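Residue numbers (our numbering): 69 to 376.
We put the beta carbon where it would ideally sit given N, CA and C, even for glycine.
Keep in mind that this is a model prediction, so the values were computed, not measured.
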């Protein structure tokens, strides 16, 4: 059996615009392009390892979500800075999608994959983000798309960008990509699949498989083949803190503080200040003044085996 054709939805142009905005900022080791929008189903999470959803505010209500594959979650968990928060890493991408929809995104929250469909609150549209394989997917409730289409009517008449040259054979739906990764095809309407050795008929498959393993040679190629690593996180924003020193005080002493009080820190004058990234010690340096602002001249990079 072959994949059932995807019936175009009434708000696909708006969904594609939001997906393209998110794809441009989502941390990735390669350029991502939105595939064909399709109606969301309970199988949409099968290729992914995590989900983040953000409520929308401003001129539009509803929510927007993003599903990410193991490539991104693994890179975040193995970062040299320590494990990074997925919701914080994809927040700028969610902000971009919300802006494309005509609203603003509130703080994203990690949602269990089993709860994603329920969290969408009804019918929704899924737009796969394609690289050498499906890297992520953008989810937007149809009710949100309907409101966004009215709010951004002048912009929504633009024709979606044509696929890049040489990309005409790339899978455009989640179902097609799953079928290719398994060496066969997937019937999205029946939930069954056929493989290279399935000559005796299809195998009943009520749910789509989890993230596929290494793809068949000559088929879709995983990001893990030589391009996964810290470079995937280059666009992730980090909280950087310069610490001059610390001290401990009782509640009585804290309540007694007044303007002009001086706190003695646990560091001698002239000692280097600490540079912390997400609370992890990364480097030390000396405090300087740059154009009337404080700065830090790095004098030492901390060996990560000794960092605390």
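**Asked** What residues in its chain sit with their C-beta under 6 Å from that of residue 224, if we drop five residues either side in the sequence?
**Response** Legend: pLDDT at residue 224 = 42, less than 50; position of this residue unreliable, value from coordinates given subsequently. Counting only Cβ-Cβ distances below 6 Å, and skipping sequence neighbours, we find 81, 82, 217.
**Request:** Would you kindly work out how many angstroms separate the C-alpha atoms of residue 93 and residue 308, rounded to a whole number?
**Result:** 21 Å
**Request:** Measure from the alpha carbon of residue 165 to the alpha carbon of each residue in 334, 330, 207, 143, then state which is nearest.
**Result:** 207
**Asked** residue 91 lies in the beta strand (DSSP E); which residues open and close that run?
**Response** Counting along the chain, residue 91 falls outside any beta strand (DSSP E), though it belongs to the alpha helix (DSSP H) covering 80–91.
**Asked** From what residue to what residue does the alpha helix (DSSP H) around residue 160 run?
**Response** 154–169
**Message:** Quick check: residue 86 and residue 169, are their CB atoms within less than 8 Å of each other?
**Reply:** yes
**Asked** Below 8 Å, can you find three or more Cβ-Cβ pairs linking the segment 95–102 to the segment 113–128?
**Response** no
**Message:** What does the Cβ neighbour count give for residue 113, buried or exposed, with the cut at 16 atoms within 10 Å?
**Reply:** buried
**Endpoints, the alpha helix (DSSP H) within which residue 187 is located** = 184–187
**Request:** Tell me, please, which residues DSSP counts as bridged to residue 362.
**Result:** 357
**Asked** According to the neighbour-count rule (16 or more other Cβ atoms, all chains shown, within 10 Å of its Cβ), is residue 319 buried or exposed?
**Response** exposed
**Request:** Express the C-alpha separation of residue 197 and residue 89 in angstroms, rounding to a whole number.
**Result:** 11 Å
**Message:** Assuming the contact rule is C-beta atoms closer than 8 Å, residue 334 and residue 314 should be a hit. Round their C-beta distance to whole Å, please.
**Reply:** 5 Å
**Message:** So the candidates are 79, 95, 91, 84; which of them puts its Cα closest to the Cα of residue 305?
**Reply:** 95
**Item:** Residue nearest to residue 346 in terms of C-alpha spacing, selected from 84, 185, 326, 147
**Value:** 147
**Prompt:** For residue 157, which of 205, 361, 176, 194 has the nearest alpha-carbon?
**Reply:** 176
**Prompt:** In its own chain, which residues sit with a C-beta less than 7 Å from the C-beta of residue 161, not counting the 5 before and 5 after it?
**Reply:** 90, 93, 94, 134
**Prompt:** Cα separation between residue 229 and residue 107?
**Reply:** For residue 229, the predicted structure reports a pLDDT of 49, less than 50, and the residue's modelled location is therefore unreliable. A value from the coordinates is still provided. The alpha-carbon atoms of residue 229 and residue 107 are separated by roughly 20 Å.
**Request:** Keeping to the same chain, check which residues put their C-beta closer than 6 Å to that of residue 126; ignore five residues upstream and five downstream.
**Result:** 171, 172
**Asked** Hey, how far is the Cα of residue 369 from the Cα of residue 350?
**Response** 6 Å
**Message:** On the CB-based measure, 16 or more other CB atoms within 10 Å of its CB, does residue 139 come out buried or exposed?
**Reply:** buried
**Item:** Residues of its chain near residue 212, where Cβ-Cβ distance is below 8 Å and the 5 sequence neighbours each way are ignored
**Value:** 124, 128, 129, 130, 131, 132, 169
**For residue 341 and residue 352, believed in contact at Cβ under 8 Å, the rounded distance** = 7 Å
**residue 194 versus residue 182 - alpha carbon distance** = 16 Å
**Item:** Where the beta strand (DSSP E) containing residue 333 begins and where it ends
**Value:** No beta strand (DSSP E) holds residue 333; DSSP gives it neither H nor E.
**Request:** Leaving out five residues on either side along the sequence, give the residues of the same chain with a beta carbon under 6 Å from the beta carbon of residue 199.
**Result:** 98, 100
**Asked** Going by alpha carbons, who is nearest to residue 312 out of 331, 327, 322, 167?
**Response** 331
**Prompt:** In this structure, what does DSSP give as the bridge partners for residue 57?
**Reply:** Beyond the ends of the chain as shown, which are 69 and 376, falls residue 57; an answer cannot be given.
**Message:** Whole angstroms are fine: how far does the CA of residue 136 sit from the CA of residue 205?
**Reply:** 7 Å
**Message:** Going by beta-carbon coordinates alone, are residue 179 and residue 187 separated by less than 8 Å?
**Reply:** yes
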